[in-house]
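Quick note, the sequence shown lines up with residues 10 to 425 if you use the working numbering. Don't be surprised by glycine CBs; every beta carbon is placed ideally from N, CA and C.
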Amino acid sequence: MTDAGTPASDGGHPAKTVPYGRAPRYGEEELQELREALEQGTLFYAQGKKVYALEAAFAAYVGARHAVTTTSGTASIHAALIALGVAPGDEVITSPITDMGSVIPILFQGAAPVFADLDPRTYTMDPAAVEAAITPRTAAVVAVHLAGNACNLDALQAVCARHGVALIEDCAQAFGCRYGERFAGTIGRVGCFSFNEFKHISCGDGGIVVTDDDELAARLRLATDKCYDRRPDAAIRNPSFLANNYRMTELQAAVALAQLRKLEGILARRRSWCGRLMAATADLPGLLPPTITPQCTPSWWFYMMRAAEGANAHRTDQLAGALRAEGLPVGAHYIGQPVYEYPIFTSGSAFSRGEHAYQTHAYGRGLCPEAERILETCLILSVNEAYTDQDLEETIAGMHRAAAWAMAQDTPGDGA
Ligand SMILES: *Cc1c(COP(=O)(O)O)cnc(C)c1O
C-alpha cells in the first residue's frame with residue numbers, strides 16, 4: 010500500500026479534507042445567446058436562427074453531414090426509430106444497463122426491446138451477444154456508450170451490416186467521445202444525444218440526432234415536427250407517416266450553442282482527471298478499474314469500477330461504505346437492476362390493455378448474467394470537470410485506504 014493513514018472506516022480522518030470542486034454550468038455566454046434569441050421576436054425554430062445554428066455547429070463538430078435537434082435524448086432515439094421506419098412487431102436490440110430513454114421509444118413504436126448481454130469490463134454490449142439476438146424481425150440495434158465509453162463499434166457495425174440491421178448509437182452519456190479518429194455517433198446510421206440537465210452539456214432538456222444520410226436527415230426533420238414539411242417549396246400539411254412534436258425551441262438552442270463551445274474544455278479536464286485516477290488506482294486489491302474499449306477516447310460521464318472477482322453485493326456495499334467514509338462521492342449498483350427486471354417488462358404493463366409485441370417476450374432475472382453481475386458489483390464515482398488536483402490526490406488516497414480496509418474484513422458469504 011502506497012498511501013499511509015488509518016482508513017476512515019477504522020476511525021481515521023477521511024482522505025477528503027475539502028469539498029470537491031464545483032463550478033456554475035451557465036453564465037454570461039448563455040445569457041448573451043438567450044438575449045439574441047429573444048430579440049429575434051420568434052422562438053420557433055423554422056423562423057429563427059439559433060436551432061439551425063446549433064445544428065450546423067454540432068454537425069461540424071462531430072463531422073456529420075446533418076444534425077436535427079429534438080426535445081430530449083429519449084426523443085432523439087424515438088425520432089431515429091421513426092425515421093428508420095421501425096414498426097409494430099419489430100424487434101430492437103439494446104443494452105440491459107441503460108436509461109429508460111433507450112427503451113421507451115422502442116415500446117412506443119410498437120416494437121419489442123431485446124436485451125443483449127454486456128462485456129464485464131467495458132460495460133458495453135458484446136457484439137457476439139448482439140449477433141446471437143438477431144432474428145428476422147430485428148430492425149435496429151440501439152448501442153449504448155455507457156459512462157462515455159464507446160461500444161466495440163467496428164464489431165457492432167460488422168454484425169449490423171451482415172444482417173441488414175440499422176445501427177443507432179445512444180450517445181446520451183458520450184458527448185465528444187472518439188472512436189479511432191471519428192466521433193461516437195457518426196459510425197452507425199444515426200447518433201442520438203441528450204442535453205438534459207445531467208449530461209456533459211445541457212440546455213435543461215433537449216437532444217440532437219446526427220447522420221450522414223441525406224434522405225434519413227429529411228425524415229428525421231419530419232419525425233420531430235408532426236411530419237409537417239417546412240421546406241420553402243413544400244405543402245406544409247401533408248403528413249405521410251406518424252411523427253411526433255419533438256421540436257427544440259430557440260431558447261434551448263441558444264443555451265446549447267453556448268454550452269457546445271465549452272464542451273472540449275469540459276472533456277479535456279475530465280479526461281485528464283480520470284486518466285490520472287485510473288493510472289494511480291489500476292492495481293488496487295479488490296477493486297477493478299474500468300476498461301476502455303480499444304480505439305476509444307472516452308468522455309467520462311462517470312467513473313465506473315467493480316468490486317473484484319468473487320465479490321458479492323454485500324462486499325460491494327462494504328467497499329462503497331468505506332469509500333464514502335473517506336469522503337468520496339461513490340454509489341453502488343448504478344441502476345440497481347437490469348432494465349428488463351422493471352415491472353413494465355415483467356408485468357407486460359406498458360399499456361393498460363390491448364396487445365403489444367413485447368408481451369410475447371420473456372423478461373426477467375437470468376436474461377443477461379454478465380449485466381446482472383456488473384450491477385451487483387459496480388461502484389460509481391461521480392466525475393465533474395471542476396474537480397481539482399487536490400480532489401484527485403485525496404480521491405486516490407481514499408481509494409487506497411478503502412480498498413485496503415475492505416481486504417482486511419471478513420468475507421461472510423463470499424462467492425454466493
Ligand atoms: C440520459 C439518457 C437517455 C435519455 O436522455 P433524456 O434527455 O433524459 O431523455 C438515454 N440514454 C442514455 C444512455 C442516457 O444516459
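#### Entry: Residue closest to glutamate 259, alpha-carbon to alpha-carbon, out of Asp19, Thr80 and His75
Here the question's residue 259 lines up with position 250 in the sequence shown. Per the Cα distances, Thr80.
### Task
With a threshold of 7 Å, establish whether the CB of threonine 78 neighbours any heavy atom of ligand 1.
For the purposes of this step, residue 78 is taken as the residue at position 69 of the sequence shown. No, Cβ of threonine 78 sits at least 7 Å from all heavy atoms of ligand 1.
### Message
Does the structure place the region 377-386 close enough to the region 306-324 that three or more beta carbon pairs sit under 8 Å?
### Response
yes
### Query
Whose CA, out of Asp326, Ala17 and Leu401, lies closest to the CA of alanine 288?
Residue 288 sits at position 279 when you count from the first residue of the sequence shown. Nearest of Asp326, Ala17 and Leu401 to alanine 288, Cα basis: Leu401.
### Query
How many whole angstroms separate the CB atoms of glutamate 379 and proline 136, which I take to be in contact at a CB cut-off of 8 Å?
One-based indexing of the sequence shown puts residue 379 at position 370. One-based indexing of the sequence shown puts residue 136 at position 127. That pair is no contact at about 13 Å.
### Query
Counting pairs of Cβ atoms below 8 Å between the region 406-414 and the region 38-51, do you hit three or more?
no
### Query
In or out: alanine 248 buried (at least 16 other Cβ within 10 Å) or exposed?
Sequence index remark: in the sequence shown, residue 248 carries index 239 (1-based). Residue identity differs from the one stated: residue 248 is proline in this sequence, not alanine. It is exposed - the Cβ of proline 248 has fewer than 16 other Cβ atoms within 10 Å.
### Message
Taking the straight line between their C-alpha atoms, what separation do you get for tyrosine 132 and isoleucine 106?
### Response
Position 123 of the sequence shown, counted from the first residue, corresponds to residue 132. Position 97 of the sequence shown, counted from the first residue, corresponds to residue 106. Each residue's Cα considered, the two are about 8 Å apart.
### Message
Which same chain residues end up closer than 8 Å to phenylalanine 360 when comparing Cβ atoms and leaving out the 5 residues on each side of it in sequence?
### Response
Taking the sequence shown and counting its residues from 1, the one referred to as residue 360 is at position 351. Cβ neighbours of phenylalanine 360 beyond the five flanking positions: none.
#### Entry: Buried or exposed by the 16-neighbour rule on C-beta atoms within 10 Å, applied to isoleucine 115
The residue you call residue 115 lines up with position 106 of the sequence shown. Looking at its Cβ environment, which holds 16 or more other Cβ atoms inside 10 Å, isoleucine 115 is buried.
#### Entry: Beta-carbon proximity of cysteine 212 to alanine 142, cut-off 8 Å
The sequence position of residue 212 within the sequence shown is 203, counting from 1. The sequence position of residue 142 within the sequence shown is 133, counting from 1. No, the Cβ-Cβ distance between cysteine 212 and alanine 142 is not below 8 Å.
#### Entry: Start-to-end residues for the alpha helix (DSSP H) that takes in cysteine 169
Against the sequence shown, residue 169 aligns to sequence position 160. 162-172 is the span of the alpha helix (DSSP H), which, as asked, contains cysteine 169.
### Task
Give me the Cα-Cα distance between serine 18 and threonine 233, rounded to the nearest whole angstrom.
Residue numbering aside, residue 18 sits at position 9 when the sequence shown is read from its first letter. Residue numbering aside, residue 233 sits at position 224 when the sequence shown is read from its first letter. Rounded to the nearest angstrom, the two C-alpha atoms are 52 Å apart.
### Query
So, using beta-carbon positions, are threonine 78 and methionine 257 closer together than 8 Å?
Counting from one through the sequence shown, the residue named residue 78 turns up at place 69. Counting from one through the sequence shown, the residue named residue 257 turns up at place 248. Closer than 8 Å, so yes.
### Query
If you compare alpha carbons, which of Val101, Lys25, Arg31 and Ala76 is closest to serine 262?
In the sequence shown, counting from the first residue as 1, residue 262 sits at position 253. Residue identity differs from the one stated: residue 262 is alanine in this sequence, not serine. Comparing Cα positions, the closest option is Ala76.
#### Entry: CA-to-CA distance, proline 122 to isoleucine 91, given in whole angstroms
Residue mapping note: residue 91 aligns to position 82 of the sequence shown, counting from 1. Residue mapping note: residue 122 aligns to position 113 of the sequence shown, counting from 1. Those two C-alpha atoms are separated by around 15 Å.
#### Entry: Neighbourhood of leucine 176 by C-beta, 7 Å cutoff - its chain only, sequence neighbours within 5 removed
By 1-based counting over the sequence shown, the position of residue 176 is 167. Val150, Ala152, Leu165, Gln166, Cys169, Gly197 and Arg198.
### Query
Does any CB atom of chain C fall closer than 8 Å to the CB of glutamate 39?
In the displayed structure, chain C is absent; only one protein chain is listed.
### Query
When the Cα of lysine 59 is compared with those of Glu39, Arg279, Arg74 and Ala406, which residue comes out closest?
Your numbering for residue 59 matches position 50 in the sequence shown. It is Glu39 whose Cα lies nearest to the Cα of lysine 59.
### Ordered list of alpha helix (DSSP H) runs contained in the region 257-306, each at least 4 residues
259-269 and 272-289
#### Entry: Cβ-Cβ separation, arginine 31 to asparagine 254 (assumed contact under 8 Å), whole Å
Mapped onto the sequence shown, residue 254 falls at position 245. Mapped onto the sequence shown, residue 31 falls at position 22. The Cβ separation is near 36 Å, so there is no contact.
### Query
If you drop the 5 nearest sequence neighbours on each side, which residues of the same chain put their C-beta closer than 6 Å to that of glycine 424?
The residue you call residue 424 lines up with position 415 of the sequence shown. No answer about glycine 424 holds up, because its pLDDT of 46 lies below 50 and its placement is not dependable.
### Query
Is it the case that the CB of serine 308 approaches a heavy atom of ligand 1 more closely than 7 Å?
The residue labelled residue 308 in the question sits at position 299 within the sequence shown. Serine 308: no, Cβ never under 7 Å from ligand 1.
### Message
Distance check for histidine 342 and cysteine 180, CA to CA, integer angstroms please.
### Response
Residue numbering aside, residue 180 sits at position 171 when the sequence shown is read from its first letter. Residue numbering aside, residue 342 sits at position 333 when the sequence shown is read from its first letter. Those two C-alpha atoms are separated by around 21 Å.
### Task
Verify whether the separation of the beta carbon atoms of valine 339 and leucine 293 is less than 8 Å.
Position 330 of the sequence shown, counted from the start, is the residue given in the question as residue 339. Position 284 of the sequence shown, counted from the start, is the residue given in the question as residue 293. Not in contact: valine 339 and leucine 293 (Cβ atoms no closer than 8 Å).
#### Entry: DSSP bridge partner residues for glycine 216 (one or two, in chain order)
The sequence position of residue 216 within the sequence shown is 207, counting from 1. DSSP lists Thr79 and Ser203 as partners of glycine 216.
### Message
Considering just the uninterrupted stretch of the beta strand (DSSP E) at aspartate 179, what are its terminal residues?
### Response
As a first step, residue 179 is located in the sequence shown; it is residue number 170 there, counting from the start. It spans 175-179 - the beta strand (DSSP E) in which aspartate 179 sits, taken as one unbroken run.
### Task
Measure the C-alpha to C-alpha separation of glutamate 206 and leucine 272 and round it to an integer number of angstroms.
As a working note, residue 206 is residue 197 in the sequence shown. As a working note, residue 272 is residue 263 in the sequence shown. For glutamate 206 and leucine 272, the distance between alpha carbons rounds to 14 Å.
### Task
Take leucine 251 as the anchor and find which of Gln56, Tyr70, Val218 and Gln118 has the nearest alpha-carbon.
Start at 1 with the first residue of the sequence shown, and residue 251 comes out as number 242. Selected option, being the one with the closest Cα: Gln118.
### Beta-carbon spacing of valine 139, alanine 125 below 8 Å
The sequence position of residue 139 within the sequence shown is 130, counting from 1. The sequence position of residue 125 within the sequence shown is 116, counting from 1. Yes, the Cβ-Cβ distance between valine 139 and alanine 125 is below 8 Å.
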